[in-house]
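To keep things clear, I will list the structure first and then write my remarks on it.
2 protein chains.
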Amino acid sequence: MPVLTITQAEHVVAAALERANTSPENAARVARALVSAEADGLKGHGLSRVPTYAAQARAGKVDGRATPTATRPRPGVLAVDAAHGFAYPALAIVADELPEIARAQGVAAAAIRRSHHCGAAGHPVEALAEAGLVALLFANTPAAIAPWGGRLPVFGTNPIAFACPVPGRAPIVVDLSLSKVARGNILAAKQKGEPIPEGWALDADGNPTTDAEAALKGTMLPLGDAKGTALALMVELLAAGITGANYAAEASSFLDAEGPPPGTGQLILALDPLALGGEAALMRVSALAAMMEGQEGARLPGVRRLALRETARREGLSVAEATLAAIAAL
Amino acid sequence: MPVLTITQAEHVVAAALERANTSPENAARVARALVSAEADGLKGHGLSRVPTYAAQARAGKVDGRATPTATRPRPGVLAVDAAHGFAYPALAIVADELPEIARAQGVAAAAIRRSHHCGAAGHPVEALAEAGLVALLFANTPAAIAPWGGRLPVFGTNPIAFACPVPGRAPIVVDLSLSKVARGNILAAKQKGEPIPEGWALDADGNPTTDAEAALKGTMLPLGDAKGTALALMVELLAAGITGANYAAEASSFLDAEGPPPGTGQLILALDPLALGGEAALMRVSALAAMMEGQEGARLPGVRRLALRETARREGLSVAEATLAAIAAL
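Structure below.
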């Protein structure tokens, strides 16, 4: 497989997006986000997205030339209109402006509306943790999960991400979606003609299924049964209900160039640990990390991701020939 | 079974706590919280707690005469010291003071340290939603869940609660703990001499077990496998790490009168939906509720709880003779 440096990969992606009606500034931000996800081993949010992003920018489903704008309706709130552009330029405003607000107010919220796929949800909170803040992100995504007991999808797979600074080392980062497994696992089973395990999905009538094709026409099951659906409802209300974004069931796909812009939302909360727990707060975080790492077989979440990132920085990114060719052909 | 009105039940509980070295004001707050949980059908947080609460107040493990105090280290933060008293007087300060802060700042955080069992986690957020706010609560509890891959408990069952106002009707309330099932289910199986299903718990060596007795010596499994453990870590850091409270693994039991005070923590976040999404935000919540309720078999979380509450208000609370006798004997 061809190996690219991080910088080379960013240039290749940015150039492809610029050819697809995206401004150089936005293309650079999107490229950095996708290459960062790829480097972390989060391939579903990495270079595989370039062709669909480019197709959406060409079709106007995402406005590659949009400039997000922000207002401060209250001292602790940053309201960001992503203007149906990519999410990453809107997230960059949050990364730039939320730390100062959170430090002054003790807690701050950024509400992003008219947004798009937010990519690796751990990255925006990790950036805030690197600025010394404890951060939460809630994002909604196109509909995939039914209300518990129902059969029509109303909630997205709705990621929750969290990050917390740890003195002297990388932040603790939690990043999880609320479906039991990613939809890609069902697509892969279908391509291989294999059944899927029970508990992954329901068919279009709301019945459990092990048939990958029936599952793709139905809904994804959440982690933790009814509790997971309740969390998906919570994220839907936080990320879309109160930000003014589209709900999952109103959002068009992130994966094709059909229809209007998805218009989904993200809510980011940032807390200053020094305001809440005083000077001792961050040392306490180290203490919890030690309790976890002191146990054989246990580790902090994100350790594998950081190791992959380090390897990519040192040795470059291996990218499949077909992926590079598809990007070059855009 | 004897039937008591809500007011009678509150008087019985408050009187028992006053006899157990608790101030009349604190006893009234604790009684209201326990009776509210009982009325909602949340018996694990209801009258069953009175004997252990009273024993802890007598032993000084909880300070029944404590007066919680609050400071405002930043404009958006209320830092509450529960002073090793019951959690409910501290939560009452949050209910009184957080709405005004959240409306002025757009978002507000209350950090409670040196706290105790917070009871039905949905109730404090429901109260904030009745004041027009969207609210989140994270609480840590004594250690029950191991880090993923480990065998020693580091995290509590760590409830997450969420509430959101809905125009013209009761708020949507989500209230869930992060263990797959409540520990009470394992205790019940042990008493009946029955095995427990796989997936509920691990034994003391970190291996899956269906033996109830081995499970009680081991750890509880989280909902959603590794993702649930990641959420439990997140709650531990939010509720204890950054509030200055004790971690789960440092906290004594909520269920006996042995040892020092538990000293756990709670973090409550309140957002003003009008600041985030403008005037339309709350009508959008109604729209999501309609999408869920329009499906056969689906319902909003908390519907059963509200129906039970209504019945208890109208017809009174049926309380087991033995429970009443135990409370009267305190």
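Top to bottom, those sequences are chains A and B. Residues 10 to 339 (my numbering) make up the first sequence, in order. Residues 10 to 339 (my numbering) make up the second sequence, in order. The C-beta atom is built at its ideal place from N, Cα and C for all residues, glycine as well.
CB contact flag (residue i, residue j, <7 Å)
i	j	result
T71(B)	Q65(B)	One point to set straight first is that residue 71(B) is Val, not Thr, in the sequence displayed. Closer than 7 Å, so yes.
A298(B)	V103(B)	no
A284(B)	R83(A)	yes
A221(A)	A198(A)	yes
A79(B)	A29(B)	no
A99(A)	A88(A)	no
A138(A)	P206(A)	no
F270(A)	H20(A)	Here the sequence assigns Pro to residue 270(A), which means Phe is not the residue at that position. Their beta carbons are not under 7 Å apart, which means P270(A) does not touch H20(A) by this criterion.
Y97(A)	V39(A)	yes
L225(A)	W209(A)	no
A241(B)	I336(B)	no
G233(A)	V116(B)	no
G306(A)	G159(B)	yes
A338(A)	A68(A)	no
R122(B)	T332(B)	no
V130(B)	L146(B)	Checking the sequence, you will find Ala at residue 130(B) rather than Val. A contact, by the Cβ cut-off of 7 Å.
G227(A)	L211(A)	yes
V294(B)	G250(A)	yes
A254(A)	L276(A)	no
Q114(B)	Q114(A)	yes
M300(A)	A321(B)	no
Selection from the options that minimises the alpha carbon distance to residue i
i	options	result
A36(B)	G53(B), D49(B), A18(B) and L51(B)	A18(B)
A191(A)	E27(A), G53(A) and A331(A)	G53(A)
P238(A)	E222(A), N216(A), S124(A) and L187(A)	The sequence shown places Thr at residue 238(A), rather than the Pro named in the question. Considering only alpha carbons, the answer is L187(A).
W157(B)	T78(B), R41(B) and P217(B)	P217(B)
S124(B)	A172(B), G115(B), D281(B) and A148(B)	A148(B)
R81(A)	A111(A), G311(A) and F95(A)	A111(A)
G272(A)	A296(A), M300(A), D184(A) and S261(A)	S261(A)
D105(B)	N194(B), A279(B), A75(B) and G115(B)	A279(B)
F263(A)	P77(A), A24(A) and P151(A)	P151(A)
G303(A)	V163(B), E27(B), G69(B) and F95(B)	V163(B)
T16(B)	A101(B), S45(B), L315(B) and E27(B)	S45(B)
G342(A)	H126(A), C173(A), A75(A) and A25(A)	Outside the displayed span of chain A (10 to 339) sits residue 342(A), for which this structure offers no information.
V244(A)	A23(B), A144(B), P204(B) and M292(B)	A144(B)
P133(A)	Q114(A), G73(A), A113(A) and A101(A)	A101(A)
R318(A)	Q200(A), I277(A), E135(A) and D49(A)	D49(A)
R308(A)	E203(B), A113(B), A24(B) and A235(B)	A235(B)
A136(A)	L161(A), T166(A) and F171(A)	F171(A)
D184(B)	G202(B), C127(B) and Q200(B)	C127(B)
T61(B)	V22(B), R74(B), A75(B) and L51(B)	V22(B)
L246(A)	G73(B), A290(B) and L161(B)	A290(B)
G73(A)	T31(A), R41(A) and A42(A)	T31(A)
Y256(A)	G287(B), A296(B), A42(B) and I195(B)	A296(B)
G215(A)	G268(A), E203(A), L161(A) and I195(A)	L161(A)
Beta carbon proximity, residue i to chain D, threshold 7 Å
i	result
I251(A)	No chain D is present in this structure, whose protein chains are A and B.
Span of the alpha helix (DSSP H), counted from its first residue to its last, around residue i
i	result
G208(B)	That residue, G208(B), is in no alpha helix (DSSP H); it is neither H nor E in DSSP.
I102(A)	A96 to Q114
V312(A)	V312 to E324
L225(B)	A221 to K226
V328(A)	Segment: none, V328(A) is in no alpha helix (DSSP H) and carries neither H nor E.
L137(A)	G131 to E139
Span of the beta strand (DSSP E) around residue i
i	result
L145(B)	V143 to A148
V86(A)	V86 to D90
Distance cut-off 6 Å: residue i Cβ against heavy atoms of the ligand MN
i	result
T252(A)	The ligand MN is absent from the structure shown, which contains no ligands of any kind.
Beta-carbon proximity list for residue i, same chain, < 8 Å, skipping 5 on both sides
i	result
V328(B)	M10, P11, V12, L13, A18, E47 and L56
E330(B)	M10 and P11
M292(A)	P176
L326(B)	V12, L13, T14, I15, A18, V44, E47 and A48
A75(B)	N35, A91, A92, H93, G94, F95 and P98
Beta-carbon proximity list for residue i, same chain, < 6 Å, skipping 5 on both sides
i	result
A140(B)	P108
A223(B)	D212
P168(B)	A130, A148 and S186
Residues near residue i by beta carbon distance below 7 Å, same chain, minus five either side
i	result
P33(B)	E27
H315(A)	Inspection of the sequence shows that residue 315(A) is occupied by Leu rather than by His. Closer than 7 Å at Cβ, skipping near neighbours: A179.
Which whole runs of the beta strand (DSSP E) in the stretch 158-204 of chain B are 3 residues long or more, in chain order?
Fully enclosed beta strand (DSSP E) runs of 3 or longer: 169-175 and 178-185.
Pick out the complete alpha helix (DSSP H) segments inside the stretch 25-84 of chain B, 4 residues or longer, and give them in chain order.
Unbroken alpha helix (DSSP H) stretches of 4 residues or longer found wholly inside the stretch 25-84 of chain B: 33-48 and 59-68, given in chain order.
Where in the stretch 234-309 of chain A do unbroken runs of the alpha helix (DSSP H), each at least 4 residues long, occur, reported from the N-terminal end onward?
List check, alpha helix (DSSP H) in window: 234-245, 282-286 and 290-302.
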